[in-house]
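Please read the structure below before turning to the comments.
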Amino acid sequence: MAKGSATDHAVFASGARIHNRINETLFDRPQDNAPRFATKPSGGIDPRPWCQGFYAALNLIKSWRRLVDLDNPNHGLLLPILIYCVDKKGKSVLGKPRPGPETAHFIEHEAYKDIALVIPVLRELHYVTRYDDPE
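Quick note on the numbering used here: the sequence shown kicks off at 7 and runs consecutively.
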């Protein structure tokens, strides 16, 4: 950065301002940082894009990747999110769901509601473990 142009400095400053605004929200007003799900053409909630983005980010952050491990006691916190995620081959990351109308109804109309419950716990877990592991 010492040898950067004025444009380089402006871009860096802009990124820093956005980062600081996000940090401020996460620390001072965590309730303002709730998942915003897409809406289906029929008017229902579509959590899939948000969940898939969360899953992609999860795999980028070393300290969070361990949550995907089934042996991790905190893995269950991800289930309401992972139920909507697919891998690179388009297969569910949790495997095939149990067949039946109850399961289909739960996935389409209920499971996403638990995401709002686990996000604060995941956020707290992240801040607690974030500095325990060198990246």
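Glycine is no exception: its CB is placed at the ideal position from the N, C-alpha and C atoms.
All of these numbers come straight from a predicted model, not from anything done at the bench.
DSSP three-state assignment for residue i, whether helix, strand or coil
i	result
Glu141	At Glu141 the pLDDT is 47, less than 50, meaning the model places this residue with poor confidence; the figure from the coordinates comes in the next sentence. Three-state DSSP puts Glu141 in coil, outside helix and strand.
Ala44	strand
Val92	strand
Tyr61	helix
His20	The question names His, but residue 20 is Ser in the sequence shown. In the structure shown, Ser20 sits in a helix (DSSP, three-state: H, G or I).
Asp52	strand
Lys119	helix
Leu76	coil
Pro126	helix
Pro103	coil
Gly82	helix
Residue range of the unbroken alpha helix (DSSP H) whose run includes residue i
i	result
Lys68	68 to 71
Glu114	107 to 115
Option in the options with minimal Cα separation from residue i
i	options	result
Glu116	Pro126, Arg104, Leu100, Pro53	Pro53
Ala63	Lys9, Leu84, Asn26, Asp77	Leu84
Cys57	His111, Thr13, Ser98	Ser98
Pro79	Leu131, Thr31, Ile24	Leu131
Val127	Gly82, His15, Gly49, Pro105	Gly82
Buried/exposed call for residue i, threshold 16 Cβ in 10 Å
i	result
Pro86	buried
Ile89	buried
Leu73	buried
Tyr137	Note that Tyr137 has pLDDT 47, beneath the 50 cutoff, so the model's placement of it is unreliable and the number below is only indicative. Tyr137 is exposed by the Cβ-count criterion.
Phe3	The structure shown has nothing for residue 3, since the chain only spans 7 to 141.
Ile121	buried
Glu141	Bear in mind that a pLDDT of 47 at Glu141, under 50, signals an unreliable position, so the number given afterwards is only what the model happens to contain. Exposed, because fewer than 16 other Cβ atoms sit within 10 Å of the Cβ of Glu141.
For residue i: DSSP bridge partner residues
i	result
Ser98	Val92
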